[in-house]
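The block underneath contains the structure these notes are about, expressed in structure tokens.
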Amino acid sequence: MTAAKCAVSLGLAVLLGLLFNNDHGFWSGLIVATTMTAGRDSTWAVAIARAHGTAIGSIYGVLGCLLSQQPHLMELRFLALLPWLVLSTFLKRSRAYGPAGGIAAALSGIIIVGRRYDEAPMAFTITRLVETFIGLSCTVAADLVFQRKARPTARARAQLHCCITALQECVDGLASTSSAKQQKVLLEQVALLKKYAAEAAGEPNFLWLAPFPASCYDKVQGSLSRMAQLLGLYQQARAIVVDTTGSSQVLGADMNRFHSLLSASLEALLGEEDVDLEDGKGMFCQDIAVVRSFLGHARETLLQQQHGEEEEQLAAVCLGSIGFCMGEMMKEAQQLVAHMLNLSLQPSR
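All residue numbers for the sequence shown refer to the UniProt record's numbering, where the first residue is 1 and numbers rise by one.
What follows is the structure, given as structure tokens:
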């Protein structure tokens, strides 16, 4: 599929470029070759950055040529490239342009100012901008036809499902020894979701497509990130309590009930049925009762066991931390359900 996309986009770009201008038709093919990416960055993001960089570099190159049209100033116009090369270095390190936009801006200015042909700089610049537009259009069209799932919007949607699945696995594995590894995987998945959502937000908005709900994805990503951090603190406090008391009896059966309720709320997000916010509120009230019951039973069990004063204080602090994390995770779970419901109401792209 990737080979077919490259072949079609490159062949179509060269054909249209030669039909527009026989002398400069190779620019469209060169743009396709330098814009297509294979997992490094989004093709859409690279295409937009290169378009902006090429336009800015071309404008600076034309201005440099116009200011040095006098015959005795022809050799001095290369000095005009020095400040532009410095500025393009900052563009390369900026978030808006990145390496692709910064390099395109620098090369555009160098190519236009350094030409030795008799063609007017303005005519060459316009021709090259059109060829660049042809190459970028062929690249984006090939992505739409051959790899729709590679679009930033599709990747962000698929990554959201992966994050919910990773969160579900992390909750299901709280009682196992691999919970730390699962939490690391969850944090990595959430970081990818943030990256894909940012790329999808920068995707061009066509007239027949609804805008990408970037704010909804930001809220969901924030809830998932806080859930991952709370799960880590919860697991650390739980391990300290078990090591201090020497058994898990102090945790009681309420913790298993909490795991089941939290897992059930996440399964509703992964299921095909619609998310019901009212059910989430009822489950939240039920979970608060579980937290109170857990703290009460844990305190009674801790008092019945014989431990040192320092051990009892440490265990009491960790039990309070566990109760705090349980309550906050329930709030975040309810917020996550609300954010997912809001996202499902947004028009599909």
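Glycine included, every Cβ here is placed at the ideal spot set by N, Cα and C.
Owing to the predicted nature of the structure, the values given are computational and were not obtained by experimental measurement.
### Query
If we ignore side chains and look at the alpha-carbon of each, how far apart do A13 and L63 end up?
29 Å
### Message
Tell me the residue span of the alpha helix (DSSP H) that contains D143.
### Response
P121 to F146
### Contact belief for A45 with L10 at Cβ below 8 Å, rounded distance in angstroms
Incorrect: roughly 20 Å between the Cβ atoms, too far for contact.
### Message
Nearest by alpha-carbon distance to G101: which of A197, I322, L87 and A315 is it?
### Response
For the options A197, I322, L87 and A315, the alpha carbon positioned closest to that of G101 is the one of L87.
### Query
Do three or more CB pairs link the segment 219 to 233 to the segment 170 to 190 at distances below 8 Å?
yes
### Assigned secondary structure, G25 (DSSP; H/G/I helix, E/B strand, else coil)
coil
### Task
For L345, collect the residues of the same chain with a Cβ closer than 8 Å to its Cβ; drop the 5 residues on either side in sequence, then sort them by chain order.
none
### Secondary structure of residue 351, DSSP reduced to three states
Residue numbering for the chain in the displayed model covers 1 to 349; residue 351 lies beyond these limits and cannot be assessed.
### Task
Assign E267 to one of two classes, buried (16 or more other C-beta atoms within 10 Å of its C-beta) or exposed (fewer than that).
exposed
### Query
Just how far apart, CA to CA, sit F258 and C163?
21 Å
### Message
Assuming the contact rule is C-beta atoms closer than 8 Å, F90 and V113 should be a hit. Round their C-beta distance to whole Å, please.
### Response
Not quite, the Cβ-Cβ distance comes to about 19 Å (not below 8 Å), so this is no contact.
### Query
Shortest alpha-carbon distance to V242 belongs to which of D172, V317, A156 and G327?
Minimum Cα distance to V242 is reached at V317.
### Query
Does the distance from the C-beta atom of K194 to that of Q235 stay below 9 Å?
no
### Query
Would you report the Cα separation of A156 and A333, rounded to the nearest angstrom?
20 Å
### Task
To the nearest angstrom, report how far apart N21 and S137 are at their CA atoms.
17 Å
### Query
First and last residue of the alpha helix (DSSP H) that includes S94?
Premise fails: S94 is in no alpha helix (DSSP H) and is neither H nor E.
### Message
Can you check which of these residues, A4, S225 and T35, is closest to L167 by C-alpha distance?
### Response
Of the listed residues, the one whose Cα sits closest to L167 is S225.
### Message
Taking 9 Å as the threshold (C-beta atoms), are V190 and S265 in contact?
### Response
no
### Task
Report yes if the CB atom of A104 is closer than 9 Å to the CB atom of T153, and no otherwise.
The Cβ-Cβ distance between A104 and T153 does not fall below 9 Å.
#### Entry: Coarse secondary structure for F212, derived from DSSP in three states
Three-state DSSP puts F212 in coil, outside helix and strand.
### Query
Are there 16 or more other CB atoms within 10 angstroms of the CB of P347, so buried, or fewer, so exposed?
exposed
### Coarse secondary structure for R115, derived from DSSP in three states
Coil at R115, not helix or strand.
### Task
Taking all protein chains shown into account, decide if D23 is buried (16 or more other Cβ within 10 angstroms of its Cβ) or exposed.
exposed
### Task
Within its chain, find whatever has a CB closer than 6 Å to the CB of A96; leave out the 5 residues flanking it on each side and keep chain order.
none
### Message
Would G135 and T35 be called neighbours here (beta carbons separated by less than 9 Å)?
### Response
yes
### Message
For a test of the three-state rule: what should DSSP assign to G102, helix, strand or coil?
### Response
helix
### Task
Rounded to whole angstroms, what's the CA-CA distance from K281 to H339? Just pull it up for me.
In this prediction, K281 scores a pLDDT of 47, lower than 50, which makes its location untrustworthy; no coordinate-derived value is stated.
### Query
Helix or strand or just coil, what does DSSP make of residue 351?
The shown model of the chain, from 1 to 349, leaves out residue 351, and the question about it has no answer.
### Task
Classify A289 as buried or exposed, calling it buried when 16 or more other Cβ atoms lie within 10 Å of its own Cβ.
exposed
### Message
How far does the alpha helix (DSSP H) with A180 in it extend, from its first residue to its last?
### Response
S179 to A201
### Query
What separation, rounded to the nearest whole angstrom, lies between the Cα atoms of L85 and I59?
14 Å
### Query
What whole-angstrom Cβ distance do M227 and M330 have, given they're in contact under 8 Å?
Not a contact, Cβ separation roughly 10 Å.
### Task
Give the range of the alpha helix (DSSP H) segment to which A158 is assigned.
Element bounds for A158: P152 to D172.
### Message
Can you give me the C-alpha to C-alpha distance between I240 and Q313, rounded to a whole angstrom?
### Response
12 Å
### Message
Given this structure, state the Cα-to-Cα distance separating I322 from P211, to the nearest angstrom.
### Response
Between I322 and P211, the alpha-carbon positions lie close to 41 Å from each other.
### Message
Please return the same chain residues whose Cβ sits closer than 6 Å to the Cβ of H291, not counting the five positions on each side in sequence.
### Response
Correcting the residue identity first, residue 291 is Val in this sequence and not His. Exclusion of the five residues before and after V291 leaves G323, M326 and G327 as the residues of its chain whose Cβ lies within less than 6 Å of its Cβ.
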